[in-house]
Structure formats: C-alpha cells, structure tokens
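K.L.:
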Amino acid sequence: MTAPQSPAIERIQLSQAFQDQKPGTSGLRKSVKHFSQAHYLESFIESILRVLPGVQGGTLVVGGDGRFGNNKAIQVIARMAAAHGIAELILTTDGILSTPAASHLIRSRNAIGGIILSASHNPGGPDGDFGVKLNGANGGPAPESLTNEIYECSKSLENYSISDLPNLSLNQAQKYTYPGFEVEVIDGINDYLKLMENLFDFDLLSGLLQLNWPLAFDAMHAVTGPYATQLFEQRLGAPSGTVRNGKPLEDFGGGHPDPNLTYAHELANLLLNSDQYRFGAACDGDGDRNMVLGQRCFVNPSDSLAVITANSSLAKGYAEGLAGVARSMPTSAAVDLVAKQLGIQCYETPTGWKFFGNLLDAGKITICGEESFGTGSNHIREKDGLWAVLFWLSILAKRQCSVADVMSDHWNQYGRHYYSRHDYEGVDSNQAHSIYQGLHDRLGSLKGEKFADNTIALADDFSYADPVDGSITSGQGLRILLEDGSRIILRLSGTGTQGATLRLYLERYVSTKGNLHQDPQMALGEIIKAANNLAGISKGTGMNKPTVIT
1 MTAPQSPAIE
11 RIQLSQAFQD
21 QKPGTSGLRK
31 SVKHFSQAHY
41 LESFIESILR
51 VLPGVQGGTL
61 VVGGDGRFGN
71 NKAIQVIARM
81 AAAHGIAELI
91 LTTDGILSTP
101 AASHLIRSRN
111 AIGGIILSAS
121 HNPGGPDGDF
131 GVKLNGANGG
141 PAPESLTNEI
151 YECSKSLENY
161 SISDLPNLSL
171 NQAQKYTYPG
181 FEVEVIDGIN
191 DYLKLMENLF
201 DFDLLSGLLQ
211 LNWPLAFDAM
221 HAVTGPYATQ
231 LFEQRLGAPS
241 GTVRNGKPLE
251 DFGGGHPDPN
261 LTYAHELANL
271 LLNSDQYRFG
281 AACDGDGDRN
291 MVLGQRCFVN
301 PSDSLAVITA
311 NSSLAKGYAE
321 GLAGVARSMP
331 TSAAVDLVAK
341 QLGIQCYETP
351 TGWKFFGNLL
361 DAGKITICGE
371 ESFGTGSNHI
381 REKDGLWAVL
391 FWLSILAKRQ
401 CSVADVMSDH
411 WNQYGRHYYS
421 RHDYEGVDSN
431 QAHSIYQGLH
441 DRLGSLKGEK
451 FADNTIALAD
461 DFSYADPVDG
471 SITSGQGLRI
481 LLEDGSRIIL
491 RLSGTGTQGA
501 TLRLYLERYV
511 STKGNLHQDP
521 QMALGEIIKA
531 ANNLAGISKG
541 TGMNKPTVIT
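For the sequence shown, position 159 matches number 159 in our numbering, and the numbering has no gaps at all.
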C-alpha cells in the first residue's frame, strides 16, 4: 500500500509539562485512567524519541501484551514515529508481542530499540494498569542513564510532534510504504519459535508430549496464549486444550496475570491436589515470567534457576557449557552452590534485568534469573517464560523422571535453600517508607544480635559495583545475613501503581544431612516471626498476614 506523499506533521503545544513520568524498574507504569489524560502518553513517547539514539533513519519495534489501550497506543506511536524520522517501524499482527519476542526482534532486525506496551503482571482493563517500556539496541531494558534522560526531558517538554498517518490495520501481515517511512506488520510469533527450535530439541520434546504425558499450560488470557498454542499444540503435538486461557483479553479475563500460587490458583490446584497432569506451567501478562509445577510439586523460582544451571548440558543450545551465571540479590543462593561445583563465576546483582544485560553483552554469563519468577539466558536480553518452560521439559525428556524426582535429586546433591517471599501490597506509601527507613537506621547496630536461634553476621544496604562498566548502584535492599547462611531481605517494590509494596524475602539453608522435605513455611517459621518483629511490618501496616506468599 503506497501513499502519494508523506504524512503531514503537526506540533502540539503543551500548557505544562508532566512531572511524574519517571520510569521505574520496568518502564513507566500508571493506571489506565492516569495514562488517559490528554497528551500524557504522547509526552512520554516524545521524550523517548528525542532521547533514544539513532531515531533519524532508524528501525523501531513496537508491540504489547494486548491489555486495554494497547492498539490505541500503537497507533499514536506510529504517527509519532513517522513525525520523528523513523525509517522503518515493525509492528505485529493484532499488536501482540511478548517481551522476550520483542527483545529477539530488536536484535535480529538491528533496531535502535523497541517500545513495549505492558504493565507486565499488573491487572488490565479500563480500571487496571498500563505501561510503556523502552528497550535498547541490545534488546534489553534501557539503562538507567537513558531513562533518567527521558525523565528529565519529560519534565520540561513544551510540545510534541505527531503526523496524520491514518490508522494502520494490524489484522494481518502487510506493509505500508510512505516516502522515507515504512511500516511492516509481521507475525510476531514465528521468529521467536524459530529461535526456540535452535536452542531446544523439538523432536525430543514432541516425543515426550505425544506420549501419555499430560501437560497443562495457563496463559492467563495474556500475551503467551498464541505463542504457547502454536508451540505446544501445533508444533510439538500436545493435545488441543493443553493451553488454557489462551486468548489474550484486554482485562486478562478479570484476572491478575501473575504466575504464582495465589493468582494462578486454578493451575496450582490441578497440579498440587490431583494426579491428572505430569507438568504445569504459567506465564505472566507480557510473557517474561514463568511458574513451573510438577505432579504435587511446586518449584520455587530460585530453585528453578539452580536446577536449570545444574542440568544445562541437557539442552541442545547449552551443551557446550556455561560462561557463568548471575542472580538478583534477593534470589536464594541455591545457584551459587551449583556454580561453585561447575567451576564458573556466579554474580549477585541488583533487581532488574538491565544489570544482567551488561554481563550478558560482555560474555561473562550464559544463564541468569531472579526470584520473581524470571529466568533467561544469552539468547535475548530479557527474562523469558516460555524458554524456561522448554528448558524444564528438555530436562524431563532427557532424564525421564518427574519434577519431584528432579528436585529431590538436586537437594540431595546440594542441600536445600528453603525460601519464600512475603508481599504486603497496597501499603500506604508513608507507612511503607517509615517501616523501611526504620530498619535501615538500625542496620549498624544489628551485627552480633540473636535472631531466631541464630546470630546476625552482617546487616547492610546492598550496593553493587558493575564488573563491566564500573558503575555503582546503591540502596538496593536491606540485608540481614545470619551466621548459618540464612538471609532476610526487605525491599520496596517499584512495579506497582497503587500505594507501595513491601517485599520480605526469607531464606534458610539446610545441608544434605538435614531435613530436605519440609513445608517451606514451616521450615521458615521462626525466621518469619523474627523478621516480622524486627522490621515491625504487621505493627506498621496493620496487616496480620501478607497479601501474597510465594
């Protein structure tokens, strides 16, 4: 489709600049109503297009998780991209593009970056949340230096430029060509599945799934539905119906697209309370998080990272070994023991995938992960939910055993890090900061104090020196380290849009000679009580229990 002339460009004046467009850990997230303010979305996109290197004549990838406002935002970005000199805009059919697939597209198309429209695991719909995230040319989240520039630009913005490009149909793959500007609408799934086939033995996996080996995958009415349907049911031959809640919906079917035992409770009940399925998995709103379940067995994400690392040679794309591994600071130290056994470096980073990006780009690590249900590798620069599921299936297909057997064997070899995260969501921001600051102010006096039949060996506010660029990142979470290797960590989350979320991380290590088959909440019982009392969470919030326990 060819237009006779370039779209006309208009410059829209702003009465005042917005002062609240500071990106968080994963982009700018606000309520739909907040994003619906006149000129709000356009102002943030304008700031991105003014700051992002290579806009003039560059290629930009744009897509999202299908939540309410997704396609409308794509049309706005297309009109603004045309006005700012982008030469090629890559969109996807129905505007559906998972975060991992976006990272791959950016890298494979040599794009200057990508704009991902998602608030990840936050609820959707008119009363839910919306988000805009920028990824750089390496396919990973934009570094803090760049997002800070965007924020500074937004605070003094006087106008934005937008063209009169007509609405683009996204219902099929096609091209729109204008002088100096081309829009290519592609199938956003095929390239990603080809990448997965390069990393994993699809014949092996197909053999597993076509035996009497039932799998249940919950897409949570989010972005991975079309990917998983093509992958499991059409490519690998799993029965129709293997993928549940597979149609992306603007409000995620009224659910909360966060793959954990609380919000994916129907899937959890199928696996943990019956013998109908051998394996279960779920992914979140934008497809970068995963939950893995076996028959009557839940795999916590920290253990998942450790197991994938320990069994990495069983997957086709990782058979030659790993350069190193990395975990976020709140993630349990289970993978540290595996790295030591493999003779490779293990890095401890702040929360946020961009910190892994530097290590990946420098070739220092191959696999990385965080406790918030995110795992990935050097194939892209994001965490990748379906990749993690395929890795687990590869392990099971090679070892011909159950998930529970894999976990038991792992603990018998390395010991077990009993681990749990307690989220206190929707806490009044002043209360949350008061609790956090109160513990922070006491850190210097805690060393040597008794704590849950143990002794505090170290208490600090985690700081990270990047081994690649030398940058220092401080204020990343309060750590209480005990003499036996157990840990308690308190952080304030940066991913919510209402109030604040206090995250309490609890970890207790038991050696191979100890009891390796306790319920984690029971094994952590004394530490949970002591941590709550130390930080004063229940007293400060008025909440008798966490909102979510994982």
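All C-beta atoms, glycine included, are put in the ideal place defined by N, C-alpha and C.
Classify Asp441 as buried or exposed, calling it buried when 16 or more other Cβ atoms lie within 10 Å of its own Cβ.
P.N.:
Residue numbering aside, residue 441 sits at position 441 when the sequence shown is read from its first letter. Asp441 is exposed by the Cβ-count criterion.
K.L.:
Count the other C-beta atoms from every protein chain shown that fall within 10 angstroms of the C-beta of Gln476, then say buried if there are 16 or more, exposed otherwise.
P.N.:
Taking the first residue of the sequence shown as position 1, residue 476 is located at position 476. Looking at its Cβ environment, which holds 16 or more other Cβ atoms inside 10 Å, Gln476 is buried.
K.L.:
Give me the Cα-Cα distance between Gly542 and Ile489, rounded to the nearest whole angstrom.
P.N.:
Taking the sequence shown and counting its residues from 1, one reaches residue 542 at position 542. Taking the sequence shown and counting its residues from 1, one reaches residue 489 at position 489. Cα to Cα, Gly542 sits roughly 20 angstroms from Ile489.
K.L.:
Decide if Met1 is buried, meaning its Cβ has at least 16 other Cβ atoms within 10 Å, or exposed.
P.N.:
Position 1 of the sequence shown, counting from 1, holds the residue named residue 1. Low confidence applies here, because Met1 scores a pLDDT of 45, under 50, leaving its location unreliable and the question unanswered by this model.
K.L.:
Among Gln400, Asn412, Pro248, Val76, which has the Cα closest to the Cα of Pro166?
P.N.:
In the sequence shown, counting from the first residue as 1, residue 166 sits at position 166. Of the candidates Gln400, Asn412, Pro248, Val76, the one whose C-alpha sits nearest the C-alpha of Pro166 is Val76.
K.L.:
Classify Ile12 as buried or exposed, calling it buried when 16 or more other Cβ atoms lie within 10 Å of its own Cβ.
P.N.:
One-based indexing of the sequence shown puts residue 12 at position 12. Answer is exposed; the Cβ neighbour count stays below 16.
K.L.:
Quick one: is the Cβ of Phe35 within less than 6 angstroms of any heavy atom of the ligand NAD?
P.N.:
Among the components modelled here there is no ligand, and therefore nothing to report on the ligand NAD.
K.L.:
If we count Cβ pairs, one from each stretch, closer than 8 angstroms, do we get three or more for the region 176 to 188 versus the region 84 to 102?
P.N.:
With a cut-off of 8 angstroms, the region 84 to 102 and the region 176 to 188 count as touching, because enough Cβ pairs lie within range.
K.L.:
Report the start-end ranges of each beta strand (DSSP E) in the region 2 to 87 that is 3 residues or longer and not cut off at the edges.
P.N.:
If we require 3 residues or more, the beta strand (DSSP E) runs fully inside the region 2 to 87 come out as 9 to 13, 28 to 31, 59 to 64.
K.L.:
Shortest alpha-carbon distance to Phe355 belongs to which of Phe451, Gly241, Thr473?
P.N.:
Start at 1 with the first residue of the sequence shown, and residue 355 comes out as number 355. Nearest C-alpha to Phe355: Thr473.
K.L.:
Indicate whether the contact test is met: 3 or more Cβ pairs, each with one atom in the region 399 to 408 and one in the region 520 to 527, closer than 8 angstroms.
P.N.:
Segments in contact, no.
K.L.:
Indicate the three-state DSSP secondary structure (helix, strand or coil) for Met291 in the structure shown.
P.N.:
As a first step, residue 291 must be located in the sequence shown, where it is residue number 291. Note: Met291 maps to strand in three-state DSSP.
K.L.:
Do the region 305 to 315 and the region 241 to 260 meet, that is, are 3 or more Cβ pairs less than 8 angstroms apart?
P.N.:
Counting Cβ pairs under 8 angstroms, fewer than three are found: no touch.
K.L.:
From Leu502 to Met329, what does the alpha carbon distance come to, in whole angstroms?
P.N.:
Translated into the one-based positions of the sequence shown, residue 502 becomes position 502. Translated into the one-based positions of the sequence shown, residue 329 becomes position 329. Roughly 16 angstroms between the two C-alpha positions.
K.L.:
When the Cα of Ala452 is compared with those of Gly525, Asp384, Gly54, Asn412, which residue comes out closest?
P.N.:
On the sequence shown, position 452 is the one that residue 452 refers to. The option with the nearest alpha carbon to Ala452 is Gly525.
K.L.:
What residue from Leu478, Asn532, Asn358 has the CA that sits closest to Pro143's CA?
P.N.:
As a working mapping, residue 143 is identified with position 143 in the sequence shown. That would be Asn358, whose Cα lies nearest to the Cα of Pro143.
K.L.:
Roughly how many angstroms lie between the CA atoms of Asn260 and Val403, to the nearest whole one?
P.N.:
Mapped onto the sequence shown, residue 260 falls at position 260. Mapped onto the sequence shown, residue 403 falls at position 403. The alpha-carbon atoms of Asn260 and Val403 are separated by roughly 17 angstroms.
K.L.:
Check for me: the alpha helix (DSSP H) holding Tyr414 runs from which residue to which?
P.N.:
Counted from its first residue, the sequence shown places residue 414 at position 414. Looking at the DSSP string, the run of the alpha helix (DSSP H) that includes Tyr414 is 403 to 414.
K.L.:
I need the DSSP call for Glu152, collapsed to helix, strand or coil.
P.N.:
Working through the sequence shown from its first residue, we reach residue 152 at position 152. Here Glu152 sits in helix by DSSP.
K.L.:
Ignoring anything shorter than 3 residues or poking outside the region 248 to 306, list the beta strand (DSSP E) runs there in chain order.
P.N.:
The qualifying runs are 279 to 283, 290 to 294, 297 to 299.
K.L.:
Cα separation between Arg244 and Ser429?
P.N.:
Looking up residue 244 in the sequence shown gives position 244. Looking up residue 429 in the sequence shown gives position 429. Distance between the alpha carbons of Arg244 and Ser429: 36 angstroms.
K.L.:
Alpha carbon to alpha carbon, what distance is there between Gly207 and Tyr160?
P.N.:
Here residue 160 is taken as the residue at index 160 of the sequence shown, counted from 1. Here residue 207 is taken as the residue at index 207 of the sequence shown, counted from 1. Approximately 55 angstroms between the Cα atoms of the pair.
K.L.:
Using only the alpha-carbon positions, how far apart do Asp218 and Ala8 sit?
P.N.:
For the purposes of this step, residue 218 is taken as the residue at position 218 of the sequence shown. For the purposes of this step, residue 8 is taken as the residue at position 8 of the sequence shown. Going by the C-alpha atoms only, they are around 45 angstroms apart.
K.L.:
Below 8 angstroms on the Cβ atoms is my guess for Ile74 versus Pro226; work out the distance and round it to an integer in Å.
P.N.:
The count along the sequence shown starts at 1 and reaches residue 74 at position 74. The count along the sequence shown starts at 1 and reaches residue 226 at position 226. Actually they do not touch by this definition, with Cβ atoms about 17 angstroms apart.
K.L.:
Could you please give the first and the last residue of the uninterrupted beta strand (DSSP E) stretch that includes Tyr505?
P.N.:
Start at 1 with the first residue of the sequence shown, and residue 505 comes out as number 505. Taken as a continuous stretch (DSSP letters only), the beta strand (DSSP E) holding Tyr505 covers 500 to 510.
K.L.:
Strictly by DSSP, which residues pair up with Glu233?
P.N.:
As a working mapping, residue 233 is identified with position 233 in the sequence shown. Paired residue(s): none; Glu233 is not in a bridge.
K.L.:
Out of Thr242, Arg67, Ala306, state which residue places its alpha-carbon closest to the alpha-carbon of Arg278.
P.N.:
As a working note, residue 278 is residue 278 in the sequence shown. Closest by alpha carbon: Thr242.
K.L.:
Which same chain residues end up closer than 7 angstroms to Cys297 when comparing Cβ atoms and leaving out the 5 residues on each side of it in sequence?
P.N.:
Here residue 297 refers to the residue found at position 297 of the sequence shown. Closer than 7 angstroms at the Cβ level, and outside the excluded window around Cys297, lie Val403, Ala404, Met407.
K.L.:
Sort Glu425, Gln345, Leu293 by Cα distance to Trp392 and report the nearest one.
P.N.:
Position 392 of the sequence shown, counted from the start, is the residue given in the question as residue 392. When only C-alpha atoms are compared, the closest one is Leu293.
K.L.:
Quick one: grab the DSSP three-state call for Leu168.
P.N.:
As a position in the sequence shown, residue 168 is number 168, starting the count at 1. In this structure, Leu168 counts as coil in the three-state DSSP scheme.
K.L.:
Mapping the DSSP letters down to three states, classify Gly542 as helix, strand or coil.
P.N.:
Taking the sequence shown and counting its residues from 1, one reaches residue 542 at position 542. Reduced to three states, the DSSP call for Gly542 is coil.
K.L.:
Determine whether the beta carbon atoms of Ala216 and Leu157 lie at a separation below 7 angstroms.
P.N.:
The residue you call residue 216 lines up with position 216 of the sequence shown. The residue you call residue 157 lines up with position 157 of the sequence shown. No, the Cβ-Cβ distance between Ala216 and Leu157 is not below 7 angstroms.
K.L.:
Hey, how far is the Cα of Arg487 from the Cα of Phe462?
P.N.:
Along the sequence shown, read from residue 1 onward, the residue named residue 487 stands at position 487. Along the sequence shown, read from residue 1 onward, the residue named residue 462 stands at position 462. Rounded to the nearest angstrom, the two C-alpha atoms are 13 angstroms apart.
K.L.:
Taking only the alpha-carbon atoms, compute the straight-line gap between Ala3 and Ala83 and give it to the nearest angstrom.
P.N.:
For the purposes of this step, residue 3 is taken as the residue at position 3 of the sequence shown. For the purposes of this step, residue 83 is taken as the residue at position 83 of the sequence shown. Confidence at Ala3 is low in this model, with a pLDDT of 45, below 50, so its placement is unreliable and the value that follows should be read with caution. Their backbone Cα atoms lie some 15 angstroms apart in a straight line.
K.L.:
According to DSSP, simplified to helix, strand and coil, what is Phe181?
P.N.:
Here residue 181 refers to the residue found at position 181 when the sequence shown is read from its first residue. In the structure shown, Phe181 sits in a strand (DSSP, three-state: E or B).
K.L.:
Going straight from the alpha carbon of Glu197 to that of Ala306, what length do you get?
P.N.:
For the purposes of this step, residue 197 is taken as the residue at position 197 of the sequence shown. For the purposes of this step, residue 306 is taken as the residue at position 306 of the sequence shown. C-alpha separation (whole angstroms): 23 angstroms.
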